[in-house]
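Oh and the sequence shown: position 44 is 44 in this note's numbering, straight run, nothing missing. All C-beta atoms in this analysis are idealised placements derived from N, C-alpha and C, irrespective of residue type, glycine included. Structure first, then comments.
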Amino acid sequence: MLSFRLLLLLFFIVPLFEIYLLIKVGGVIGAIPTVFLVVFTAVLGALLLRQQGFSTLRRVQTALARGEIPAIEMLEGVLLVFGGALLLTPGFFTDTIGFICLIGPLRRRLILWALRRGIIATVGPAGGPGRRDPQQHGPRTIEGEYWRDPGRDKDGKGRR
């Protein structure tokens, strides 16, 4: 987990770096083209984010239809949201990281790398409550609540 100090440092360093890049690029190509480029990358990023989001949603639905848990696809969705937020933030550095989050193979490699390094924690066997391993034999426990209806007798029929 990232420490608070590191996040605070990033909170100050990233905007300063963005301002530095904007000034340098503006000095080379001019102020108006720089502003146009920043707006263009935001619009292009929003369009790509929409396309990638629908693609990821289709993969989630396909995995669910097969009875699988779409864990990687859900993590891809998180990275898409993160990348979309970075693309809407004005600046070239954040746009670059945002576009990296939108490239499918890079996004998947980043997720698998984070899982291997333990940056993203995995929890127990896949399935969760209510799921059963097909190889498992024996009784199955279903949790629930029970109460007796006072208007009915033991065998479930109404009183007369």
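- Rounded to the nearest angstrom, the Cβ distance from ILE97 to LEU86 is 5 Å, consistent with a contact under 8 Å.
- Just so you know, the alpha carbons of ALA63 and PRO70 end up roughly 6 Å apart.
- DSSP places SER55 inside the alpha helix (DSSP H), whose first and last residues are 31-65.
- Membership of ASP95 in the alpha helix (DSSP H) is indicated by the continuous run 92-102.
- Straight-line measurement puts the Cα of GLU18 at about 14 Å from the Cα of LEU37.
- Counting of Cβ neighbours within 10 angstroms places GLY83 among the buried residues, the total reaching 16 or more.
- A check of alpha carbon separations from GLY77 across PHE54, PHE99, PHE92, ILE119 identifies PHE54 as the nearest.
- Following the DSSP letters along the chain, one finds ALA121 in no alpha helix (DSSP H), marked with neither H nor E.
- Where GLU145 is concerned, there is no enclosing alpha helix (DSSP H), because DSSP gives it neither an H nor an E.
- Taking PRO90 as the centre and dropping the five residues before and after it, the same chain places the C-beta of VAL38 closer than 6 Å to its C-beta, in chain order.
- DSSP, reduced to helix, strand and coil, places PRO15 within a helical segment of the structure shown.
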